[in-house]
Amino acid sequence: MRILKDLFERNRMWAERLKRSDPDFFSKLARQQSPEYLWIGCSDSRVPANEIVDMLPGAIFVHRNIANVVNHSDLNCLSVIQYAVEVLRVKHIIVCGHYGCGGIRAAMEEMDHGLIDNWLQSVREIYRRHQDRIDLLGDEQERINLLCELNVAAQAANVCRSTVVQRAWRSGQPLAVHGWIYDIRDGILKDLDVCVTNPDEISRLLGI
Ligand code: CO
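Under the numbering used here, the residues of the sequence shown are numbered 148 to 355, in order.
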């Protein structure tokens with residue numbers, strides 16, 4: 148109960164498996180990390196960044212929070228973006244939402260969810276901005292899923308407008324911001340056709 152033995156056993160077997168396929172795997176990683184991707188995703192346990200794109204440790208720098216929100220006052224998220232862009236010099240920032248997101252559902256509901264309602268304020272604003280279009284859909288799941296997509300685009304726009312990304316683009320650093328959505332029902336990623344590589348392309352973000 149106190150030591151979660153099962154997880155330590157799994158960890159040892161996992162590390163051994165990786166070492167069998169590449170004996171230097173951990174010693175190489177210990178010297179440096181040079182991921183090409185920053186992943187900003189939802190905390191949902193069904194949406195683990197590395198597994199979804201079948202990549203090993205060292206390949207993706209990851210930030211996750213409820214409903215993959217990028218707020219310009221969130222020091223945690225902004226620090227991750229700054230370190231990824233300025234120190235690791237990632238080439239791609241991926242904002243990845245997922246259909247059926249509980250955070251997005253909560254942002255659409257009138258009821259009181261406690262503290263989380265504060266976190267979801269910016270999602271609620273996106274809902275208000277697009278409410279006419281969203282409420283036209285008869286099915287609740289479809290309404291949630293449309294807001295899941297619109298939220299990805301809006302949060303990707305927030306990444307693009309961040310001072311760190313703006314500065315990187317001004318200095319000519321190659322950096323692309325992508326908006327993707329993951330379907331927990333079949334494990335498949337969908338590109339929302341959101342790819343911004345310079346400030347002039349921000350308007351391409353759908354629904355913004
Ligand atoms: Co979610």
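For every residue, glycine included, the Cβ atom is placed at its ideal position computed from N, Cα and C.
Counterpart residues of residue i in DSSP-defined beta bridges
i	result
Asn-212	Cys-189
Leu-336	Tyr-329
Ile-240	Leu-185 and Val-324
His-260	In the DSSP output, where bridge partners are listed per residue, His-260 has none listed.
Ile-207	Tyr-184
Cys-342	His-325
Pairwise C-alpha distance: residue j and residue i
i	j	result
Leu-165	Phe-172	7 Å
Asp-333	Val-194	12 Å
Leu-185	Pro-204	13 Å
Ile-263	Arg-271	12 Å
Ile-291	Asn-218	21 Å
Glu-256	Tyr-274	11 Å
Arg-314	Met-148	49 Å
Tyr-230	Arg-159	30 Å
Gln-179	Asp-169	17 Å
Asn-212	Gly-285	29 Å
Ile-349	Gln-268	22 Å
Candidates the options, of which the one nearest residue i by Cα
i	options	result
Glu-287	Ala-253, Asp-221, Arg-308 and Asn-223	Ala-253
Asn-305	Val-216, Met-148 and Asp-347	Val-216
Val-341	Arg-308, Ala-303, Gly-319 and Gly-261	Ala-303
Leu-297	Trp-266, Leu-336 and Tyr-246	Tyr-246
Val-232	Asp-330, Leu-339, Cys-307 and Leu-336	Cys-307
Gln-278	Leu-294, Trp-266 and Leu-267	Leu-294
Ser-318	Arg-236, Asp-221 and Leu-222	Arg-236
Val-343	Asp-330, Val-312 and Tyr-329	Val-312
Thr-310	Arg-276, Leu-222 and Leu-352	Leu-222
Ile-199	Ser-220, Tyr-329 and Gly-249	Tyr-329
Contacting residues, own chain, Cβ-Cβ under 7 Å from residue i (five flanking each side not counted)
i	result
Ala-196	Trp-186, Gly-188, Ile-207 and Val-209
Glu-156	none
Leu-339	Glu-296, Val-299, Ala-300, Gly-326, Trp-327, Ile-328 and Leu-353
Glu-183	Val-237, Lys-238 and His-239
Spatial neighbours of residue i in its chain, beta-carbon cut-off 8 Å, leaving aside the 5 residues before and after
i	result
Asn-345	Trp-316
Chain C within 9 Å of residue i, Cβ atoms only
i	result
Gln-288	No chain C appears in the structure shown, which is made up of a single protein chain.
CB-CB length for residue i against residue j, believed under 8 Å
i	j	result
Leu-244	Val-324	The amino acid occupying residue 244 in the given sequence is Gly; Leu does not appear at that position. In fact, because the Cβ distance is near 14 Å, the residues do not count as touching under 8 Å.
Trp-327	Ile-241	6 Å
Lys-238	Leu-336	About 18 Å; that fails the 8 Å criterion.
Cys-248	Ala-214	6 Å
Residue i beta carbon near the ligand SAM (any heavy atom closer than 8 Å)
i	result
Gly-205	The ligand SAM is absent from the structure shown, which contains only the ligand CO.
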